[in-house]
Every structure is written in structure tokens, then in C-alpha cells.
Amino acid sequence: AQTVTQSQPEMSVQEAETVTLSCTYDTSESDYYLFWYKQPPSRQMILVIRQEAYKQQNATENRFSVNFQKAAKSFSLKISDSQLGDAAMYFCAYRSVLEYGNKLVFGAGTILRVKS
Amino acid sequence: AAGVIQSPRHLIKEKRETATLKCYPISRHDTVYWYQQGPGQDPQFLISFYEKMQSDKGSIPDRFSAQQFSDYHSELNMSSLELGDSALYFCASSRASDNEQFFGPGTRLTVL
């Protein structure tokens with residue numbers, strides 16, 4: 175079974191600064207998807223960024239980018255120019271590609287606090 | 406376009422009662438997932454349906470059952486409720502050919 179580990183329970187960043195959230199995972203599969211989800215106080219799950227394992231290029235979405243290291247099974251999220259609205263719980267998630275209807279496996283989450 | 410709709414948004418039940426949570430997926434999405442998120446925890450997968458058939462099953466108690474109907478909406482039925490069932494229940498939907506799951510706003514269940 176796949177597992178996802180987020181070793182940082184909580185992180186803080188100053189507004190306009192850059193912060194990196196860590197995520198490692200364990201799998202025997204060669205192809206899969208990785209995601210970062212944001213969960214603000216409203217508890218809505220919002221997709222931040224996704225990465226297909228077969229793509230070597232790191233995904234980027236505006237101020238959000240990932241550092242995907244397949245051999246190391248590492249998938250970190252970098253948030254540049256942090257804003258107060260970035261404060262939330264961030265979950266790293268894994269999804270297999272083997273079958274339809276595949277579930278997301280989440281890490282324990284990292285609380286991100288943004289200081290003004 | 407409308408997102409995933411879940412009803413009710415909040416539900417309060419007594420121990421040993423039953424609850425039914427409903428999920429209406431995005432139009433043309435054929436796959437529905439249910440997740441349970443306890444306080445301070447990550448979402449845990451319960452069950453999924455593809456084209457009205459159960460496609461995967463996670464840590465769903467035997468007291469819970471679910472199904473997907475002909476119009477693709479899904480219902481999660483929970484019986485003999487326990488205090489530990491208090492959680493946020495998410496429904497997500499996707500097209501089987503797509504890798505992204507779209508989450509609903511969740512149903513907050515409180516068991517007293």
C-alpha cells in the first residue's frame with residue numbers, strides 16, 4: 175500500500191517570503207499522480223497543483239511550484255511571494271493510475287501560518 | 406459550471422440513529438468518492454463508485470453502506486451512529502479518464 179509522509183506539522187512564513195513544504199511517499203508503482211491540496215478554515219479542499227510521475231518537468235501554477243524527485247520519492251511544494259490568503263492546511267496526496275476510481279492517499283498535512 | 410453538491414451541509418444526530426448523506430457529482434462525471442475527515446486528521450478514503458458499480462473500498466465500517474444511482478448521484482447511509490463517527494464527510498467526483506478529483510464542500514456530521 176502507498177503511504178504519504180509530511181514531516182512538518184506546522185510551518186510559518188513572513189508575508190512576501192518563500193516557503194517550502196515537504197512531502198515524501200512510498201510506492202512500488204512507476205507511474206502515478208501527485209497532488210497538493212489546500213484546506214483553508216472553510217474546510218473546502220482546493221487543488222493547488224498536480225504532477226504526473228512520467229513527466230520530468232516540475233509543475234508550476236503561478237506562485238506555486240513543485241520539486242519532484244522521483245528517485246528520492248520526494249514531492250515538495252514551494253510557495254513564492256506568500257500572501258495572507260495562503261494560510262491553510264496543506265495536504266500532499268498520491269493517486270495510482272492502475273485502475274479507474276482510484277482513491278487519493280493523503281499525508282497528515284502541514285499547517286501554514288503567514289505572518290504580516 | 407456547478408461544482409459537486411453535498412447535502413445536508415450540517416447534520417446533528419444522536420447515538421444509535423441513522424444518517425443519509427447525499428452527493429451530486431459534476432455533470433458528466435462518472436466516478437464518485439467518499440472520504441471521512443476526523444478533527445485534526447487527513448481525509449480517509451471510504452468507498453468509490455464508477456458507472457454505478459463499487460470500484461474500491463477503504464476503511465468503511467460495516468455500519469455504513471453507499472450506492473450510486475442511475476443519475477450518478479450517490480448516497481452514504483450510516484447506521485447505529487457512534488460518537489466517533491463525528492467528522493467532515495467529503496464527496497468528490499471525476500471522470501474516470503481524468504486524474505483530478507473535484508471535492509464538494511463536505512457534510513459536517515455531529516453525533517451526540
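Protein chains in written order, with our numbering: chain A, 175 to 290; chain B, 406 to 517.
A virtual CB, placed ideally from N, CA and C, is assigned to each residue, including glycine.
Own chain residues within Cβ distance below 7 Å of residue i, not counting five before or after
i	result
B/Asp518	Residue 518 of chain B cannot be examined here, being either before or after the span of chain B that is shown, 406 to 517.
B/Val516	Lys418, Lys420, Leu486, Glu487, Leu488, Asp490 and Ser491
A/Leu258	Glu189, Val288 and Ser290
A/Asp205	Ala227, Tyr228 and Val271
A/Pro214	Ala262
Whole-Å CB distance - residue i paired with residue j, under 8 Å assumed
i	j	result
B/Gly443	B/Ala497	So it is not a contact: roughly 17 Å between Cβ atoms.
A/Arg224	B/Glu505	7 Å
A/Lys277	B/Phe450	4 Å
A/Met263	A/Gly283	5 Å
Closest residue to residue i among the options (Cα-Cα distance)
i	options	result
A/Lys212	A/Val193, A/Ser270, A/Ala261 and A/Thr194	A/Ala261
A/Arg287	A/Val178, A/Glu184, A/Gln180 and A/Thr177	A/Glu184
B/Phe507	A/Val271, A/Leu221 and A/Ala245	A/Leu221
A/Leu251	A/Met263, A/Val193, A/Ser186 and A/Glu226	A/Val193
A/Glu203	A/Val240, A/Asn236 and A/Ala227	A/Ala227
B/Ser432	B/Gly408, B/Asp490 and B/Asn482	B/Gly408
A/Tyr199	A/Tyr268, A/Leu278 and A/Ala233	A/Tyr268
A/Phe238	A/Ile285, A/Lys244, A/Gln231 and A/Trp210	A/Trp210
Neighbourhood of residue i by C-beta distance below 8 Å, restricted to the same chain and skipping five residues each side
i	result
B/Ser479	Lys427, Cys428, Pro430, Val437, Trp439, Phe454, Ala471, Gln472, Gln473 and Cys496
Chain-order list of residues whose beta-carbon lies under 6 Å from that of residue i (same chain, five-residue window excluded)
i	result
B/Arg468	Ser484 and Ser485
B/Arg421	Ser485
B/Gly463	Phe450 and Leu451
Distance, residue j Cα to residue i Cα
i	j	result
B/Ile465	A/Glu189	41 Å
A/Ser196	A/Ser181	7 Å
A/Val279	B/Pro413	25 Å
B/Asn482	A/Phe249	36 Å
B/Pro448	A/Asp255	28 Å
Using Cβ-Cβ distances below 9 Å, what residues of the segment 199-215 of chain A are close to chain B?
Along the segment 199-215 of chain A, the positions whose C-beta sits under 9 Å from a C-beta of chain B are Tyr207, Phe209, Tyr211 and Gln213, read in chain order.
For the segment 452-486 of chain B, enumerate the residues whose C-beta is nearer than 8 Å to any C-beta of chain A, in chain order.
Of all residues in the segment 452-486 of chain B, Ser453, Phe454, Tyr455, Ser460, Asp461 and Gly463 have a Cβ within less than 8 Å of some Cβ in chain A.
Under 9 Å (Cβ pairs) to chain A, residues found in the segment 503-514 of chain B:
Asn504, Glu505, Gln506, Phe507, Phe508, Gly509, Pro510, Gly511 and Arg513
Cβ-based contacts, 7 Å cut-off: residues of the segment 215-239 of chain A near chain B
Arg217, Gln218, Met219, Leu221 and Arg224
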